[in-house]
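In what follows, a structure is listed as structure tokens, so that the remarks can point back to it.
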Amino acid sequence: MIPSNCTFCGLCCTLTVKLSDNDIKRIEKTGCGREEFVEFNKEGEPILKRENGWCTFFKRDGKIGICSIYDSRPEACRDFPGKRHCDLAENPIYKYMSDNDENKRIRLLLKNAPTSKMPEEKINKALEVANKTFNRIS
Ligand code: SF4
Ligand code: SF4
Numbered sequence: 001m002i003p004s005n006c007t008f009c010g011l012c013c014t015l016t017v018k019l020s021d022n023d024i025k026r027i028e029k030t031g032c033g034r035e036e037f038v039e040f041n042k043e044g045e046p047i048l049k050r051e052n053g054w055c056t057f058f059k060r061d062g063k064i065g066i067c068s069i070y071d072s073r074p075e076a077c078r079d080f081p082g083k084r085h086c087d088l089a090e091n092p093i094y095k096y097m098s099d100n101d102e103n104k105r106i107r108l109l110l111k112n113a114p115t116s117k118m119p120e121e122k123i124n125k126a127l128e129v130a131n132k133t134f135n136r137i138s
């Protein structure tokens, strides 16, 4: 479920995403070989590959995050954040990020991520931009 304050910032596309067998098979049907998008965590479980901090399927169009396999995305992406409001940007991990290149890319997305202090007009504006972007590219 897309949260009501989603600004389509794409910050959630920097998180670790575990993959089920069904996720992998579904994504392979888009024409991607599993070696292109699967890597393994320390426990040996399959996770989505990331490049410089972003999911390999993530693209950015202006301020809007685009999933290039949206219809085939993993279940975990469909379910995120699992509640009506997204508060990912308020997670303390983002306060203490070091200044490497990967984190610079994450900060780019953070700028457009909703927080409890973000005015409603800004969220509505982000939604408007997202709608225009999705109409243009679909
Ligand atoms: S981090 Fe939250 S606001 Fe940003 S795209 Fe993901 S769900 Fe939407
Ligand atoms: S598969 Fe799509 S929705 Fe999931 S993390 Fe990657 S870009 Fe984001």
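Note that the numbering used here has the sequence shown beginning at 1, numbered continuously upward.
Even for Gly, the Cβ is constructed at its ideal location relative to N, Cα and C.
If you check the C-beta of PHE58 against ligand 1, you find no heavy atom less than 7 Å away.
The beta carbon of LEU109 sits closer than 6 Å to the beta carbons of CYS9, GLY10, LEU11 from its chain, once the five residues preceding and following it are set aside; these are given in chain order. In the DSSP assignment, LEU48 falls within the beta strand (DSSP E) that extends over 46-48. Its chain contains PHE57, LYS59 as the residues whose beta carbon lies nearer than 6 Å to that of SER68, once the 5 sequence neighbours on both sides are disregarded; these appear in chain order.
Between ligand 2 and VAL38, a heavy atom-to-CB distance of less than 7 Å is absent. When DSSP states are grouped into helix, strand and coil, PHE134 belongs to the helix group. Runs of the alpha helix (DSSP H) spanning 4 or more residues and lying entirely within the stretch 56-98 occur at 75-79, in chain order. For THR30, the CB contacts under 8 Å within the same chain, skipping 5 residues up- and downstream, are ILE69, SER72 in chain order.
Taking a cut-off of 8 Å on C-beta distances, the stretch 12-22 does not touch the stretch 89-99, as fewer than three cross pairs fall below it.
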